[in-house]
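Step one of this worksheet: look at the structure below.
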Amino acid sequence: MTPEKYESLLQKLDQEENLSWAEIVAIIATPCPELDQKLFSLADRKREKYVGEEIHLRGIIEFSNYCRKNCLYCGLRRDNSTLPRYRMKPAEIIEVAQKIVDLGIPTVVLQSGEDLAYPTDLLAEIVFQVKKIGAAVTLSIGERDREDYLSLYQAGADRFLLKQETFDRNLFDQIHSDDNYDFRLACQKILQEIGFQTGSGNMVGLPGQKAKALALDIKKFQEWNFDMIGIGPFIPHPKTPLGKHQPDSYQQLILTLKVLALTRILTKNSHLPATTALGVLSAKGRETALRCGANVIMPDFTPIKYQTSYNIYPGKSSFEEGEYRLAQARAMIKRLGRKETNHPGHSLKRHPHLNPLPRRERKF
Ligand code: SAM
Ligand code: SF4
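In my numbering, the protein residues as written are 273 to 636.
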């Protein structure tokens, strides 16, 4: 694409806040530092218009690294026998959640591998207790069946993050030996029907991933009207089948930021985190993301003794206490001249077609 054409697509993006799949492919496939910067500035303006200056903090607890799945990219995959495994006890999880709330963070994210050793009733009880402390709860625990999701919702869980990782069916099949594209999307549909605020997302820079696949991801994020979308670079883990892939980290950073910026403009008011993986790719990665459309930071509160074992990709753990990460996040917000919220930062979307199921009183 010529720079003139790129420039005209930026004007169209500004006016119509929409592009076709083919137009997005053209932008993603055209490297032009000057116009890429214009795209980032436009995304920053649209962020201001649709979600304002507020940045939402979500404290994440990675409570188990056991996983029954074998995703080809992830360090927690079942076949990674070199990884020491851990499970946090419910009381330990609730203690950390209390600390997060005491530090003024209104949302607790509970994340794990797909670990069925936590039966749904137990997870529901943990959710219920964390809600009692006063936090909004996001779950990121993978695929379960409808009854499980419903129990978790009835226990009070507000949001569920289940990234599709890629909406390109062939690529999805290549990087998942034991997952099913349609099943994962069906889970997403169930979560939306139940009434969860739902999140998806992708990884950028996967082996064989083309501009066409990334443009498809962006169109799908828009079509599904997701409340939150996590966009992060793929970082190869040496103990996984995709560990030998060597992306150029600068190109990957720009590409990830372009996908993020386009997603902001097309989805308007979705919540978009400045992902930890971007911070691993580049020291200023998260701060840059917050200038290119992102409006969420998720400081990690997993106790230090477990952090090295939640080794999804190299460089993720830095042996820092949650308090230190929180201080870094708050300093970042200050540098950017933005505002930290003191409310849960629920979805700004309206889902008129959905009729959330009522929550029942639970007694444990
Ligand atoms: N097991 C749950 C699931 O898969 O939905 C949640 C935990 S999983 C570790 C959380 C996210 O880690 C995934 O959605 C994926 O995007 C990300 N991830 C895994 N391996 C990665 C890698 N090598 N580079 C970047 N992100 C990765
Ligand atoms: Fe398990 Fe999630 Fe990692 Fe896949 S991405 S191996 S489901 S933790």
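Where is the CB? At the ideal position from N, CA and C, for every residue including glycine.
Residue i: CB within 6 angstroms of a non-hydrogen atom of the ligand SAM
i: H543; result: no
i: A458; result: no
i: I507; result: yes
i: N561; result: The residue you asked about is not Asn; residue 561 is Ala in the sequence shown. False, no ligand heavy atom lies under 6 angstroms from that Cβ.
i: Q600; result: no
i: Y585; result: yes
i: A229; result: The structure shown does not extend to residue 229, since the chain spans only 273 to 636, so no value can be given for it.
i: S412; result: yes
i: M475; result: yes
i: K435; result: yes
i: C426; result: Here residue 426 turns out to be Gln, not Cys, going by the sequence shown. Result no, Cβ not under 6 angstroms from the ligand SAM.
i: Q481; result: no
i: Q579; result: no
i: Q283; result: no
i: Q446; result: no
i: Q464; result: no
i: G523; result: In the sequence as displayed, the identity of residue 523 is Gln instead of Gly. Q523 Cβ: outside cutoff for every heavy atom of the ligand SAM.
i: Q287; result: no
i: Q383; result: yes
Beta-carbon proximity of residue i to residue j, cut-off 7 angstroms
i: D528; j: F498; result: Before going further, note that residue 528 is Thr rather than Asp in the sequence given. Cβ distance not < 7 angstroms, so T528 and F498 don't count as in contact.
i: I466; j: Y421; result: yes
i: D387; j: Y338; result: yes
i: G414; j: N583; result: no
i: P362; j: I405; result: no
i: I296; j: F573; result: no
i: A301; j: A533; result: no
i: T535; j: I501; result: yes
i: I377; j: G331; result: yes
i: S412; j: F335; result: no
i: E437; j: M475; result: yes
i: A429; j: V409; result: yes
i: P510; j: G477; result: no
i: R349; j: C343; result: yes
i: P571; j: L598; result: yes
i: K321; j: I537; result: no
i: L434; j: Q460; result: yes
i: K491; j: W293; result: yes
i: K621; j: D450; result: no
Paired residues, beta bridge with residue i - DSSP
i: P500; result: Reading off the sequence, residue 500 comes out as Met, not Pro. Paired residue(s): G471 and H543.
i: R432; result: The sequence given here has Phe at residue 432, not Arg. Partner(s): L411 and T470.
i: Q383; result: E334 and S412
i: V476; result: P505
i: E437; result: N474
Contact with chain C by residue i, beta-carbon distance below 7 angstroms
i: F468; result: The chain labelled as chain C is not found in the depicted structure, where only one protein chain is given.
Contact shell at 6 angstroms, judged by CB to any heavy atom of the ligand SF4, ordered along the chain
C339, K341, C343, C346, L348, R349, G385, E386 and G414
Which runs of the alpha helix (DSSP H) fall wholly inside the segment 514 to 589 and span at least 4 residues, in chain order?
521 to 539, 548 to 553, 557 to 562 and 576 to 579
Just to confirm the assignment: which complete alpha helix (DSSP H) runs, minimum length 4, are found wholly within the segment 320 to 381?
362 to 374
Unbroken alpha helix (DSSP H) runs of length 4 or more, entirely within the segment 589 to 621: which are they?
Segments of the alpha helix (DSSP H) lying fully in the segment 589 to 621: 594 to 608.
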